[in-house]
Amino acid sequence: MKSLTLVASIVSLISMSSFCSAAKAASINNGGFESGFLGWTIFNENLSPIQSPPSGSPSNSSVRWFETSGGFSPLSNTEIINQFEGQSYAVTDHAESGSTVLYQDITLEPELQHILSFAWFAQSKPPFQDSGSMSLTVSDDPLTNNYQGPVQLFRIDLVPAEFTNFFGVSSDAGILANIVAPVAEPFPVTEWNNVVFDLTPWAGSTVRLAFREAAIGGDFQAGIDAVKVTSALRSVPESNTIFASTIAIGLGVLSKRQLSKRQKV
């Protein structure tokens, strides 16, 4: 009976360790936008960031984020595809030219593997244009103060937590990784794009996932749905080896005890 109790205790300790690792898994808050923009921050150029806005971007924004189930975009009444999963997704729409970012911070626990996945589309009636900046007002020439150039694109980046320089002269400045390169898909888009991206290199830190869209000509809708992070132990075989070794040690101790008892008898 004592033998079984000891083995059960060992198994319990290992199971508890695995449970603790799972409990530390990274997660996205409201990745399907079923609760509007709870957990997300919307940041438009020349406006202050807004955390968890109840109904998307403020009405005075030139470009706005909306919760939708598809059909037609809220501002321009442009045809858009239905949700990827669930009941809704996030989409941009324009009253006029504008640049915007939708982001959320993700805490990645150490010693775990973290895999990011999501679905996206980015349809545009005007052609793709990339001036190197997501800003519609920034100047790269201090003498003439000229606007840097036209931009009509969507991109997805991983940046450090607290990063806010989304509208600088260079859209690549300060990013950790570019997950989806600048893109503008020809209108109309009929299918979602799926992305799987490994966040494990940043385990042990907090990162910011940023969906960035800018359009000088309007007529642009970018959609996001099913944003998830899946976390797991980095090496399952190694865990199994530790498990087996621990059990073997426990059984070895029990065998020695039983042998000692027999010798005494």
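With mature numbering (1 follows the signal peptide of the UniProt record, and there is no 0) applied, the sequence shown corresponds to residues -22 to -1, 1 to 243, in that order. Cβ coordinates follow ideal geometry from the N, Cα and C atoms, glycine included. In this text the structure is predicted, and so the values were computed from the model without any measurement.
By how many angstroms is the C-alpha of residue j removed from the C-alpha of residue i?
| i | j | result |
| --- | --- | --- |
| Ile84 | Pro138 | 10 angstroms |
| Leu16 | Pro104 | 31 angstroms |
| Glu140 | Ile153 | 12 angstroms |
| Gly195 | Ser39 | 15 angstroms |
| Ala73 | Leu94 | 32 angstroms |
| Gly64 | Ser37 | 26 angstroms |
| Ser26 | Ser111 | 19 angstroms |
| Gln107 | Ser66 | 29 angstroms |
| Gln29 | Thr19 | 4 angstroms |
| Ala68 | Glu89 | 32 angstroms |
| Ser5 | Thr208 | 7 angstroms |
| Gly9 | Ser109 | 30 angstroms |
| Asp176 | Asn7 | 18 angstroms |
| residue 245 | Ile134 | Because the chain spans -22 through 243 in this model, residue 245 falls outside it and cannot be assessed. |
| Asp71 | Ala155 | 26 angstroms |
| Trp180 | Trp43 | 28 angstroms |
| Phe221 | Ala210 | Because Phe221 carries a pLDDT of 44, less than 50, the predicted location of this residue cannot be relied on, and the following value inherits that uncertainty. Computed Cα separation, rounded: 17 angstroms. |
| Thr142 | Leu187 | 12 angstroms |
| Phe(-4) | Phe11 | The pLDDT assigned to Phe(-4) is 42, lower than 50, so where the model puts this residue is not dependable; a value taken from the coordinates is nonetheless given after this. For Phe(-4) and Phe11, the distance between alpha carbons rounds to 28 angstroms. |
Quick test of your reading: residue i and residue j, contact by CB under 8 angstroms. State the CB separation rounded to the nearest angstrom.
| i | j | result |
| --- | --- | --- |
| Gly14 | Glu45 | 5 angstroms |
| Ala192 | Val129 | 5 angstroms |
| Glu87 | Lys206 | Not really, about 16 angstroms apart at Cβ, beyond 8 angstroms. |
| Ile185 | Leu114 | According to the sequence as given, residue 185 is Val; it is not Ile. Not a contact, Cβ separation roughly 26 angstroms. |
| Arg212 | Gln82 | Actually they do not touch by this definition, with Cβ atoms about 24 angstroms apart. |
Can you tell me which residues form a DSSP beta bridge with residue i?
| i | result |
| --- | --- |
| Ala97 | Asn172, Asp203 |
| Ser209 | His92 |
| Asp83 | Arg186 |
| residue 328 | What is shown of the chain runs -22 to 243, which leaves residue 328 out entirely. |
| Ala162 | The partner list for Ala162 (beta bridge, DSSP) is empty, contrary to what the question assumes. |
| Val41 | His72 |
| Asp135 | Asn156, Ala188 |
| Gln29 | Thr19 |
| Thr142 | Looking at the DSSP assignment, Thr142 forms no beta bridge with any residue, so it has no partner. |
| Thr78 | Asn22, Glu191 |
| Glu57 | Phe50 |
| Ser102 | Pro164, Phe198 |
Using alpha carbons as the reference points, say which of the options lies closest to residue i.
| i | options | result |
| --- | --- | --- |
| Asn24 | Val41, Val207, Ala155 | Val41 |
| Val173 | Thr184, Phe189, Ala181 | Phe189 |
| Phe21 | Phe144, Ile153, Ile134 | Phe144 |
| Ile202 | Ser5, Ser47, Ile28 | Ser47 |
| Phe198 | Ala210, Ser111, Gly76 | Gly76 |
| Phe132 | Ile6, Ser5, Gly182, Val79 | Val79 |
| Phe62 | Gly9, Ala204, Ala155 | Ala204 |
| Ala200 | Asn60, Asn156, Gly182 | Asn60 |
| Pro164 | Ser102, Gly9, Asn156 | Ser102 |
Beta carbon of residue i: closer than 7 angstroms to some heavy atom of the ligand GTP?
| i | result |
| --- | --- |
| Thr178 | In the structure on display, the ligand GTP does not appear, and there are no ligands present to speak of. |
Taking 8 angstroms as the threshold, find out whether the region 29 to 41 comes into contact with the region 95 to 110 through three or more Cβ pairs. no
Is the region 33 to 52 touching the region 153 to 166, taking contact as three or more C-beta pairs under 8 angstroms? no
Do three or more CB pairs link the region 145 to 153 to the region 166 to 181 at distances below 8 angstroms? Verdict: no, contact absent.
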